[in-house]
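Enquirer:
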């Protein structure tokens, strides 16, 4: 009887050892996969290109009858999105360029053509004419979590393709002050001059963002970089490819978020909403009768208004869309319908 009892104990111990070894092997296998960035980098790197641009400028020289053209060169990065040769990059990388050269990781150089640009989000699409181009699979930037590991791939300082590692530090940054419309991913991966337009990828080697800018007092990386989420960038890219530009709704007002201090200072009837600080002449807002000092408390049924998100919401609508605005002027409330127009060009 005792012998049988001991046999059971031996079986239990052996089963426990086997389970422990299996768990250890699984952990070692998956730890190795997570800790190595090589597979993700290898999948993404062939589709990340270097972009070299030049632009001509004619400086004024009062002592010469012959104006001298000055050629200014700059560099950046881009990501091949489509086998048809469409490349996503930043607007500021190709702004004003007279020549665009795209250098593939294989060292081949191709002439790039600007398809269109969107200064409001600092995105642009260029195209190269070639076959068998590598492309980068798309991830879902909406599914990113703060703390997720990511890689940044680009051409910092023109030294060649470089991969740096970091995490998603924050999402939805919209008060950076770089673009008219902002919804940045923030990362601590090293992003330096020349990385602009490059790829932000996840550990599956999928594209989840387009590197855009750094927050730095020295011009170099200080652990605060920004990228446009790929879900936003693809929408912009598709519209540029389809129509050559991005059309947005335009209201024509400047607003400031109301808080207790602002409400007290201006003796406002409410402590929430948006205070109209400027109405652009001949804009849809002026045509509808909006005035400086009005307080907007509701747009299309939304009464939780913030300055940045409201701007983005109006911009997401199309010209000719009609919105319903509820506001307060003095002590009287009003409701009006406003037909949006095409947003004026911000810059070239």
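Residue numbers (the numbering used here): 11 to 358. Backbone N, C-alpha and C fix where the C-beta goes; we use that ideal spot for every residue, glycine too. Bear in mind the structure is a predicted one, so any value in this text is a computation, not a measurement.
Give the list of continuous beta strand (DSSP E) stretches no shorter than 3 residues that lie fully inside the region 191 to 252.
Expert: The qualifying runs are 194 to 197, 209 to 211, 217 to 224 and 235 to 239.
Enquirer: Around the C-beta of residue 342, are 16 or more other C-beta atoms found within 10 angstroms, so that it is buried, or is it exposed?
Expert: Looking at its Cβ environment, which holds fewer than 16 other Cβ atoms inside 10 Å, residue 342 is exposed.
Enquirer: Just mark residue 48 as buried or exposed, buried being the case when its beta carbon has 16 or more other beta carbons within 10 Å.
Expert: Answer is exposed; the Cβ neighbour count stays below 16.
Enquirer: Going along the chain, which residues of its own chain have a beta-carbon closer than 6 Å to the beta-carbon of residue 126, five neighbours each way excluded?
Expert: Excluding positions up to five away in sequence, the list reads 135, 250, 254 and 255.
Enquirer: Any idea which residues DSSP pairs residue 260 with across the strands?
Expert: In DSSP, residue 260 forms a bridge with 351.
Enquirer: What is the DSSP secondary structure of residue 268, reduced to helix, strand or coil?
Expert: Reduced to three states, the DSSP call for residue 268 is coil.
Enquirer: Helix, strand or coil for residue 317? Go by DSSP, reduced to three states.
Expert: It is helical.
Enquirer: I think residue 350 touches residue 261, with their Cβ atoms under 8 Å apart; what is that distance to the nearest whole Å?
Expert: Confirmed, about 6 Å.
Enquirer: Under 8 Å by Cβ, that's how I've got residue 335 and residue 309 pegged, so tell me the actual separation to the nearest angstrom.
Expert: Right, their Cβ atoms sit about 6 Å apart.
Enquirer: Given a threshold of 16 other Cβ atoms within 10 Å of its Cβ, counted over all protein chains shown, does residue 153 qualify as buried or as exposed?
Expert: Looking at its Cβ environment, which holds fewer than 16 other Cβ atoms inside 10 Å, residue 153 is exposed.
Enquirer: Mind checking residue 259: buried by the 16 CB within 10 Å criterion, or exposed?
Expert: Residue 259 comes out buried.
Enquirer: Are the region 177 to 191 and the region 103 to 116 touching by the rule of at least three beta carbon pairs closer than 8 Å?
Expert: With a cut-off of 8 Å, the region 103 to 116 and the region 177 to 191 do not count as touching, because too few Cβ pairs lie within range.
Enquirer: Which residue comes first and which comes last in the beta strand (DSSP E) that contains residue 159?
Expert: Segment 159 to 164, the beta strand (DSSP E) holding residue 159.
Enquirer: Based on the DSSP secondary-structure assignment, which residues constitute the bridge partners of residue 148?
Expert: Residue 148 is bridged to 217.
Enquirer: Alpha helix (DSSP H) containing residue 49: first to last residue?
Expert: Segment 48 to 54, the alpha helix (DSSP H) holding residue 49.
Enquirer: From which residue to which residue does the alpha helix (DSSP H) around residue 295 run?
Expert: Per DSSP, residue 295 belongs to the alpha helix (DSSP H) from 294 to 297.
Enquirer: Would the region 147 to 162 and the region 114 to 131 be scored as touching if the rule is three or more Cβ pairs under 8 Å?
Expert: No, they do not touch.
Enquirer: Quick one: residues in its chain with C-beta nearer than 8 Å to the C-beta of residue 276, no 5 flanking neighbours on either side, listed in chain order?
Expert: Same-chain partners within the cutoff: 285 and 303.
Enquirer: For residue 345 and residue 322, I'd like the C-alpha separation in whole angstroms.
Expert: Rounded to the nearest angstrom, the two C-alpha atoms are 21 Å apart.
Enquirer: Going by DSSP in three states, residue 185 sits in which element: helix, strand or coil?
Expert: Here residue 185 sits in coil by DSSP.
Enquirer: Under 7 Å between the Cβ atoms of residue 100 and residue 206?
Expert: Contact flag set, yes.
Enquirer: Under 8 Å by Cβ, that's how I've got residue 110 and residue 61 pegged, so tell me the actual separation to the nearest angstrom.
Expert: That belief holds up - the Cβ atoms of residue 110 and residue 61 are roughly 7 Å apart, short of 8 Å.
Enquirer: Counting along the chain, where does the alpha helix (DSSP H) carrying residue 290 start and finish?
Expert: Careful: residue 290 lies outside any alpha helix (DSSP H) and carries neither H nor E.
Enquirer: Since residue 344 sits in a beta bridge, which residues does DSSP pair it with?
Expert: Looking at the DSSP assignment, residue 344 forms a beta bridge with 337.
Enquirer: Between 295, 299 and 306, which lies nearest to residue 282 when the distance is taken from Cα to Cα?
Expert: Nearest of 295, 299 and 306 to residue 282, Cα basis: 306.
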